[in-house]
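Since the structure comes first, as structure tokens, the remarks are kept for the end.
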Amino acid sequence: MSSIREDYRAPWWTYWLHNFPHVNLNFQPIDNTFTPQDQNYQQSLIFLACMMAAGLGLNLLCLAIYLSCLCCCRKDDEEEESKSPNSCCVTWSAVTAGLLSCAAVGVGFYGNSETNDGVYQLTYSLYNTNHTLGGVDSLVTGTMGSMESGLKQHLARLDEIFATRGDYVQTLRFMQQMADNVIKQLSGLPDWDMTKVDVVAIADQTTYVEYYRWLTYLLLLILDLVICLAACLGLAKQSRWLLTTMMVFGVLTLILSWASLGADLATAVSTSDFCVTPDKFIMNQTKDLISSEIVHYYLYCSQALPNPFQQSLTIFQRSLTTMQIQIQGLLQFAVPLFPTAERDLLGIQHLLNSSEASLHQLTALLDCRGLNKDYLDALIGVCYDGVEGLLYLCLFSILAICAFCAMLCAIPRAWTHIASRERDYDDIDEGDPFNPQARRVMTHNSNHATNMHSFCSYSSSVGSQSSLHQPAAQAAQAVSNAPVSEYMNQSALFGGNPRYENVPLIGRGSPPPSYSPSMRATYLSMTEDQIRHFGNDFQA
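FYI, the numbering for the sequence shown is 1 to 540, going by UniProt numbering.
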């Protein structure tokens with residue numbers, strides 16, 4: 001039995017995933033029909049996951065080769081020209097990794113939300129289906145129980161009361177036949193109890209798995225974001241231990257990204273196989289529980305299809321109507337003769353009225369429109385939102401893989417660049433008076449040795465030293481008696497500030513570009529005794 005469905009059409013991406021090659025572990029192509037119980041079909045999904053595992057191995061191999069080449073072919077860090085390109089490369093790699101990571105996290109949040117919405121719609125439809133089937137089962141069970149127990153008790157007492165009237169007893173026998181006919185029709189309805197249990201089990205298991213899937217992806221997204229931010233912080237602070245730690249976590253997250261890509265791809269392909277031909281799979285799963293005619297009626301819900309419950313419900317309605325007519329006649333003609341029969345007759349009438357109400361509810365619940373709507377809602381949730389969310393999660397995994405590959409390529413270069421800068425800083429001569437570290441050491445030592453003086457302090461005291469030569473005294477006098485106009489000219493020439501050659505070195509922000517002639521004359525006029533007295537403070 002086949003039919004053309006007009007109310008559901010699988011989206012194009014499900015057909016694209018459905019056409020993925022399905023190959024078992026023996027590299028033999030198999031049918032892409034959704035048969036999760038088949039071993040070959042399970043192997044085809046495992047094969048997709050193995051392909052992602054092979055991609056992970058190739059990725060790690062490329063990273064290992066890159067790191068090996070970086071360690072073996074590292075350039076000499078002492079060359080000034082090589083520092084700027086390496087720093088630029090590290091910067092752009094970090095920027096690329098950051099942008100890709102942010103894009104991956106955004107796509108991942110959207111895909112995780114879409115997948116969760118699709119699964120929620122599926123479980124909501126399954127619970128609605130269970131509610132409908134439970135209502136049908138409750139109505140059938142209640143009606144059969146009232147007919148078998150309550151009606152029989154009333155008829156047994158009335159049989160004793162009407163024992164002297166054969167026509168009334170015959171009416172009671174006819175009503176019993178109608179009740180048995182109702183019970184027979186209700187017993188012919190499908191046993192929804194087993195189906196209801198299966199639907200509830202599927203819904204509960206799906207909800208359980210989806211909760212932990214959603215939580216796992218949420219933690220993975222947060223982990224990616226934290227690693228990206230920590231790596232950027234390590235690059236900004238030039239912290240080698242933080243960069244090393246983030247490199248280890250980056251490798252771990254890279255592995256998790258490849259694993260999530262394999263799981264998402266296999267799930268998307270299998271779900272797409274179901275979405276392309278869902279009716280066929282449902283009918284195969286329910287062929288041992290419910291007749292194919294009933295399943296087909298609910299799956300397609302077409303006006304051209306006959307209602308398989310119409311005959312049973314019609315007989316049920318006619319039997320109740322016939323019984324009500326008989327009860328009305330007995331109430332009208334038998335009660336004046338047998339007043340004690342009124343109570344049981346009214347009890348039967350009340351039972352028939354409640355059975356008729358149950359009949360109307362049962363007719364509405366057995367109608368195909370309710371269950372078919374739940375079925376279509378479940379298909380739309382799974383095949384549209386669910387598969388679309390899985391595709392976005394696959395895109396998230398790909399972007400995360402690219403981001404962490406860029407980060408793992410940038411961190412070793414940054415680590416090497418930081419190490420080279422530290423070596424260059426350590427290679428600076430500590431005796432250099434223009435080295436900031438050397439100036440700090442000299443300032444610290446001046447607190448413990450009074451003979452450590454600056455060059456300017458020595459030149460200011462040159463007039464009080466009787467051992468200085470006359471040229472030195474004349475030079476010092478020339479410096480101290482410099483015309484104001486010359487000083488102002490120098491100030492105007494250098495932006496309004498006095499020339500650094502005539503300003504004391506203590507408190508200076510940077511060393512002077514050159515020695516002034518007066519300073520050089522004063523330095524050259526020092527005797528050997530004075531040099532021994534002041535030490536190596538002013539030796540070039």
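Glycine included, each C-beta is placed from N, C-alpha and C at the ideal position.
Round the Cβ separation of residue 56 and residue 255 to the nearest angstrom and send it over; I've been treating them as touching at under 8 Å.
-> About 6 Å; that satisfies the 8 Å criterion.
Residue 41 versus residue 281 - alpha carbon distance | 14 Å
Count the other C-beta atoms from every protein chain shown that fall within 10 angstroms of the C-beta of residue 128, then say buried if there are 16 or more, exposed otherwise.
-> When all chains shown are included, residue 128 counts as buried.
Mind reading off the beta-carbon distance from residue 63 to residue 403? Whole number of angstroms is fine, and I expect it under 8 Å.
-> With 8 Å as the limit, residue 63 and residue 403 do not qualify as a contact, their Cβ atoms being about 13 Å apart.
Own chain, CB closer than 7 Å to residue 116, minus 5 neighbours either side, in chain order = 210, 214
In its own chain, which residues sit with a C-beta less than 7 Å from the C-beta of residue 410, not counting the 5 before and 5 after it?
-> 90, 93, 94, 97
To which residues of the same chain is residue 349 closer than 6 Å at the C-beta, ignoring the five residues directly before and after it?
-> 327
Kindly indicate the opening and closing residues of the alpha helix (DSSP H) around residue 327.
-> 310–333
State the start and end residues of the unbroken alpha helix (DSSP H) segment that holds residue 72.
-> First-last of the alpha helix (DSSP H) with residue 72: 39–72.
For residue 29, three-class secondary structure by DSSP | Note: residue 29 maps to strand in three-state DSSP.
Figure out for me which residue from 168, 321, 405 has the closest Cα to the Cα of residue 65.
-> 405
Under 7 Å, do residue 223 and residue 234 count as touching if we go by C-beta distance?
-> No; because the gap between Cβ atoms is not below 7 Å, this pair is not in contact.
Given a cut-off of 7 Å, decide if residue 142 and residue 396 are closer than it, judged by their beta-carbon atoms.
-> no
Which residue's Cα is closest to the Cα of residue 27: 15, 48, 178, 38?
-> Among 15, 48, 178, 38, the Cα nearest to that of residue 27 belongs to 48.
Using the C-alpha atoms, what's the distance from residue 108 back to residue 221?
-> 7 Å
Opposite residue 105 in the DSSP bridges: which residues?
-> BP columns for residue 105 are empty, so no partner.
At which residue ranges does the region 329–371 contain complete beta strand (DSSP E) runs of 3 or more residues, listed in the order of the chain?
-> none
Could you give the residue range of the alpha helix (DSSP H) that holds residue 18?
-> 12–18
Ordered along the chain, which non-local residues of its own chain (more than five positions away) have a Cβ less than 8 Å from that of residue 232?
-> 94, 98
Compare the beta carbon distance of residue 355 and residue 320 with 7 Å and say whether it is the shorter of the two.
-> Cβ distance < 7 Å, so residue 355 and residue 320 count as in contact.
Taking the alpha-carbon positions, what's the residue 13 to residue 306 distance?
-> 35 Å
Hey, would you say residue 203 sits closer than 7 Å to residue 126, going by beta carbons?
-> yes
Determine the contact status of residue 376 and residue 8, defining contact as a CB-CB distance below 7 Å.
-> yes
With burial defined as no fewer than 16 other Cβ atoms inside 10 Å of the residue's Cβ, what is the status of residue 298: buried or exposed?
-> Per the 10 Å Cβ criterion, buried.
Using the Cα positions of residue 183 and residue 149, report the straight-line distance between them to the nearest angstrom.
-> 11 Å
Work out the CA separation of residue 179 and residue 374 for me, nearest whole Å.
-> When rounded, the separation of the alpha-carbon atoms in residue 374 and residue 179 is 34 Å.
Span of the alpha helix (DSSP H), counted from its first residue to its last, around residue 169 | 166–187
To the nearest angstrom, report how far apart residue 308 and residue 294 are at their CA atoms.
-> 6 Å
Compare the beta carbon distance of residue 266 and residue 45 with 7 Å and say whether it is the shorter of the two.
-> Result yes, Cβ atoms of residue 266 and residue 45 sit closer than 7 Å.
Alpha-carbon spacing of residue 274 relative to residue 18, whole angstroms = 9 Å
State the beta-bridge partners of residue 23 as determined by DSSP.
-> Bridge partners of residue 23: 29.
Close beta carbons around residue 22, own chain, < 6 Å, minus the five adjacent residues each side | 30, 32, 44
Please classify residue 288: does DSSP put it in a helix, a strand, or coil?
-> coil
Could you give the DSSP three-state label for residue 383: helix, strand or coil?
-> helix
What first and last residue would you give for the alpha helix (DSSP H) that runs through residue 273?
-> 240–276
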